[in-house]
Amino acid sequence: MNVPNDRAPVLVGVSRSAATVWAVSWAADQAARRGLPLLILHAQEWPSAIPPGVTPGTGGHLWASHFRAAGQGLVDTARAEALHLHPELDISVAVAEGKPSEVLRRIGGEASLVVLGTRRLSETDAAFVRSRGAGLFGELPCPVALVPRPEEPRPDHGGTVVVGVDGSAASEAAVAWAYEEAALTGSDLAAVEVRRPHSAARAGFYEETRLDLAEALAGWHEKYPQVAVERQVLTGHPAHLLAEEARQARCLVVGSHGRGGWREALLGSTTRSLVHHTHGPLVVVPPQYPGRS
2 MNVPNDRAPV LVGVSRSAAT VWAVSWAADQ AARRGLPLLI LHAQEWPSAI PPGVTPGTGG
62 HLWASHFRAA GQGLVDTARA EALHLHPELD ISVAVAEGKP SEVLRRIGGE ASLVVLGTRR
122 LSETDAAFVR SRGAGLFGEL PCPVALVPRP EEPRPDHGGT VVVGVDGSAA SEAAVAWAYE
182 EAALTGSDLA AVEVRRPHSA ARAGFYEETR LDLAEALAGW HEKYPQVAVE RQVLTGHPAH
242 LLAEEARQAR CLVVGSHGRG GWREALLGST TRSLVHHTHG PLVVVPPQYP GRS
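Those letters in the sequence shown? Residues 2 to 294, by my numbering.
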């Protein structure tokens with residue numbers, strides 16, 4: 002698929018889920034804010050009994066026509082919603098055949114940001130439900146954002162962007178994206194480093210961790226002097242603490258993998274906790290993210 006206007010678009014995946022509504026809204030805001038096109042994509046996974054190439058006059062053709070029309074209707078409705086929010090936005094729509102995860106991997110490789118809707122689940126449900134978006138973490142060269150239904154209205158401007166920091170390459174990329182978002186939205190930035198509780202018993206732990214955090218943020222104040230930054234060092238379960246710190250935030254930004262406990266936190270069971278229980282958008286940034294030019 003060609004990139005609209007030779008610029009990497011913000012890609013938002015739409016489906017019949019109610020989560021599509023807030024994903025489209027958030028993606029449209031991102032595209033408008035960053036001066037990028039918006040690509041609205043629906044992936045249609047055809048049942049094996051009725052292949053996509055069924056010909057007129059054969060069995061299943063009428064059903065196939067309705068199936069295609071339903072998919073087109075989803076992207077057209079989403080486009081109308083996005084245009085209502087941002088009438089000047091450059092918007093393309095596409096309906097692609099294939100499994101959603103495979104379609105997103107293929108087309109998402111040409112995007113600057115991939116946005117998907119998600120829903121919060123109970124701890125029990127979350128243990129058995131795998132988010133399609135979580136499967137893309139680290140597999141795309143661009144950030145992936147999972148957007149839950151907002152619990153309360155959030156301001157269009159201002160607020161706080163929370164970023165998880167651990168000193169890894171993925172963490173550096175997450176810091177880059179978080180600073181961009183804070184600068185673009187007039188938000189403050191909360192940089193949070195979470196260590197496991199047993200680490201705190203080591204002599205000089207807090208001084209060492211604060212130094213690591215300062216080094217991770219070095220140079221960014223000169224690039225974004227307008228962004229006010231709060232630094233926090235916490236001990237405990239990384240996903241739970243980050244989700245709580247971001248309860249009222251504009252978004253929570255983390256790297257797609259880290260070192261030590263962070264690899265476990267972002268690739269293991271606590272990933273599901275972040276995906277299904279964050280109170281706002283979760284943005285997962287890969288190590289190769291180059292930052293805004």
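From the three backbone atoms N, C-alpha and C, an ideal C-beta is built for every residue, glycine too. Keep in mind the model is a prediction, meaning the values are calculated, not measured.
- Closest in C-alpha terms to GLU194, from the list ALA171, ARG232, ARG251, ALA174, comes ARG232.
- With respect to VAL285, SER257 sits close: the two C-beta atoms are nearer than 8 Å.
- Annotation for ALA191: THR161, VAL163, GLU231 place their beta carbon closer than 6 Å to its own, counting only its chain and skipping 5 residues before and after.
- Spatial neighbours of TRP221 in its own chain (CB-CB distance under 6 Å, excluding positions within 5 residues in sequence) are listed in chain order as TYR180.
- In the structure shown, GLU152 falls within a coil segment according to DSSP collapsed to helix, strand and coil.
- ASP30 sits in a helix when the DSSP states are folded into three classes.
- For SER172, DSSP records no beta bridge to any residue.
- In the structure shown, SER18 falls within a coil segment according to DSSP collapsed to helix, strand and coil.
- Per DSSP, GLU98 is not a residue of any alpha helix (DSSP H); the beta strand (DSSP E) it occupies stretches across 92-98.
- Contact between the region 135-153 and the region 108-122 is established, with three or more Cβ pairs separated by less than 8 Å.
- The DSSP-derived three-state label of HIS43 is strand.
- About 11 Å separates the beta carbons of ALA24 and VAL11, which is beyond the 8 Å limit, so they are not a contact pair.
- When the alpha-carbon of LEU243 is set against those of ARG196, LYS224, ALA97, LEU42, the nearest one is in ARG196.
- Between VAL255 and ALA184, the beta carbon gap of about 19 Å keeps them out of contact (Cβ cut-off 8 Å).
- In this structure, the CA atom of SER102 is about 12 Å from the CA atom of LEU42.
- For LEU243, the uninterrupted alpha helix (DSSP H) segment begins and ends at 239-246.
- Taken in chain order, the whole beta strand (DSSP E) runs of length 3 or more contained in the region 183-258 are 189-196, 230-236, 252-256.
- Taking C-beta atoms as the reference points, GLY109 and LEU75 fail to come closer than 8 Å.
- Taking C-beta atoms as the reference points, LEU214 and VAL176 fail to come closer than 8 Å.
- One thing to note: PRO288 has its Cβ within 8 Å of the Cβ of ALA171.
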